[in-house]
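Asks: Got a structure for you, questions after.
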Amino acid sequence: MARKFKITITKKCPIKCDYCFVDKDNQVMDYKTAKAAIDFLLENGEKGKMILIFLYGGEPLLYPELMKRIIKYAFSRSKEIERDIFICIGTNGMLLTKEIITFFKKYDIGIALSLGGDKKTHDKFRHYANKKGTFDEVLLKLELLKKEMSPYRYYVAYCLHPEQVDRLYDNFVYLHSLGIRSFRIEWIYDLKRKWGKREVDIAVKNYIRIWKYVMKSIKGNEPIYLVNFMDFINSPELDEGGMHCKINTLEISPSGNISLSSFLNSSEKNVVGNVSDGLKKDLFACRATFENIDNQICHYCKNRHIKDISEIVENLGMIEDEFKKISERYLGQINSLGKEGDAYLANLQKYFPF
Ligand code: SF4
């Protein structure tokens, strides 16, 4: 069963990024559904492992009081049943306040702040409906985060668009110069500009330069963490159908419906269950564990529930596979550093246990 759960608190968002895949239908999760979602994931999350809960949207900070109630309930319930959880908020940052950051700190919540790079790169795609860029506003909130939080409790979700891939390394260095120490590189799927071999090749060259830069930091006092590094290492292999089984992450929509992938955020037709009724009985005959996957059943699941997004998965898979190979190479280099490398990997897992 899954270990990671994404809870879409709302599909509303005050801004309008060009590549956003969220269907802004203004749905908001009610507290009763949110409680049922927490109960469901605590009950069904992979046994013996820390459960990771991502609260996101749309923009979850549009509903700070709802979010606080969900977080309080998740921690009180997880304590009662003795399950470890880690909660991370995915936000565009515009609505961060000192008060909500103080609350997050109390519960040791992680924050993923979306940024597209420097002002020019960011504002090209991440803007209001009237095309006014959001970079300047996000930067003010970044200053607030830097002042109030440990640099190892928040990270920049670096939104990498294929059109801007040649800026990847320079933007990374620029963001680091702003005081950011933790990054997650998130590649963007854009129907109008998909990933091709040329873009992937450029991304690979930039990613290798980033790793060289990161390796130098490991020996210093302020190491840089690539938060999705372990993701690459631990992710399941592609099967012969060319698609990852997404069973390690389930997405819960505002109505409580459960789907296999975040890309189904806007679609209710691909649901595999609901937090109130559980998973559909005719699915997961494999019992949804990686140890016991029956490929035939997997293909049935995929055909029924991921087929719609197979093109997205395959297109992003091009870059994901390359990043995975490079990450494995650098994992080898980190391991060869001995104690220094061990400490780096242990801290990465501790700060961002994804
Ligand atoms: S911040 Fe996120 S939810 Fe809002 S428009 Fe941009 S991509 Fe969509």
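Per my numbering, the very first residue in the sequence shown carries number 356; after that it's consecutive. Note that beta-carbon positions come from the ideal geometry of N, C-alpha and C, so glycine has one too.
(1) Bridge partners for N612 per DSSP, in chain order?
(2) For L407, which of helix, strand or coil comes out of DSSP?
(3) Step through the CB atoms of chain B and report whether any lies within less than 8 Å of the CB of L581.
(4) Using a Cβ-based criterion (distance less than 7 Å to any ligand heavy atom), does K371 qualify as near ligand 1?
(5) Give me the DSSP bridge partner(s) of L499.
(6) According to the neighbour-count rule (16 or more other Cβ atoms, all chains shown, within 10 Å of its Cβ), is A640 buried or exposed?
(7) If you check the beta carbons only, do I565 and Y524 fall under 8 Å apart?
(8) Which class does K705 belong to by DSSP, given the choice of helix, strand or coil?
(9) Since I689 sits in a beta bridge, which residues does DSSP pair it with?
(10) Measuring alpha carbon to alpha carbon, tell me which of I664, G534, L495 ends up nearest M449.
(11) Excluding five sequence neighbours on each side, which residues of the same chain lie with their C-beta closer than 6 Å to the C-beta of N629?
(12) So, are the CB atoms of S469 and Y507 less than 8 Å apart?
(13) From this set, Y513, I535, I667, K567, which residue's C-alpha is nearest K549's C-alpha?
(14) Is V377 a contact residue of ligand 1, with contact defined as CB to any heavy atom under 7 Å?
(15) How close, in whole Å, do the beta carbons of F376 and I408 come, if the pair is a contact with beta carbons under 8 Å?
(16) Which residues in the same chain as F645 place their Cβ atom closer than 6 Å to its Cβ, once the five residues preceding and following it in sequence are excluded?
(17) Among K486, E498, G445, which residue has its Cα nearest to the Cα of K453?
(18) How is the alpha helix (DSSP H) around T365 delimited, first residue to last?
(19) Whole angstroms are fine: how far does the CA of K475 sit from the CA of Y428?
(20) Under a Cβ-count criterion, where at least 16 other Cβ atoms within 10 Å of its own Cβ denotes burial, should I436 be classed as buried or exposed?
(21) Please identify the residue among F709, N561, G400, K567 whose C-alpha is closest to the C-alpha of F584.
(22) Within the present structure, is the beta-carbon of G471 separated from the nearest heavy atom of ligand 1 by less than 7 Å?
(23) Under 8 Å, do P419 and I364 count as touching if we go by C-beta distance?
(24) Tell me where the alpha helix (DSSP H) around A397 begins and ends.
(25) I need the DSSP call for R424, collapsed to helix, strand or coil.
(26) Three-state secondary structure (DSSP) at G696?
(27) How is T446 classed by DSSP in three states: helix, strand or coil?
(28) Would you check if the distance between the CB atom of L421 and the CB atom of A389 is smaller than 8 Å?
(29) Look at the alpha carbon of G597 and the alpha carbon of E669, and state the distance between them as a whole number of angstroms.
(30) Cβ-heavy atom distance between R481 and ligand 3 below 7 Å?
(31) Report the partner residues of F441 according to the DSSP bridge assignment.
Replies: Reading from the atomic positions:
(1) N629
(2) Three-state result, L407: strand.
(3) Included in the structure is just one protein chain, with no chain B present.
(4) Flag set: Cβ of K371 near ligand 1.
(5) Per DSSP, none; premise fails for L499.
(6) Per-residue confidence for A640 stands at a pLDDT of 48, beneath the threshold of 50, marking its modelled position as unreliable; no derived number is given.
(7) Annotated as proximal: I565 and Y524, with beta-carbon spacing under 8 Å.
(8) In the three-state reduction of the DSSP assignment, K705 falls in the helix class, which pools H, G and I.
(9) Under DSSP, I689 shares a beta bridge with no residue.
(10) L495
(11) G611, N612
(12) no
(13) I667
(14) yes
(15) At roughly 21 Å, the Cβ-Cβ gap does not stay under 8 Å, so F376 and I408 are not in contact.
(16) In this predicted model, F645 has a pLDDT of only 41, less than 50, meaning its place in the structure is not dependable; the value taken from the coordinates is given anyway. Nothing meets the Cβ criterion.
(17) E498
(18) Note, T365: premise wrong, no alpha helix (DSSP H); not H, not E.
(19) 41 Å
(20) It is exposed - the Cβ of I436 has fewer than 16 other Cβ atoms within 10 Å.
(21) For the residues F709, N561, G400, K567, the minimum Cα distance to F584 belongs to F709.
(22) no
(23) no
(24) In the sequence as presented, Ala is not what sits at residue 397; that position holds Leu. Looking at the DSSP string, the run of the alpha helix (DSSP H) that includes L397 is 386 to 399.
(25) R424 falls in the helix class under three-state DSSP.
(26) helix
(27) strand
(28) With a cutoff of 8 Å on beta-carbon distance, L421 and A389 are scored as near each other.
(29) Its pLDDT being 39, under 50, G597 is placed unreliably by the model, and nothing is read from it.
(30) In the structure on display, ligand 3 does not appear, and the ligands it does have are ligand 1.
(31) L407
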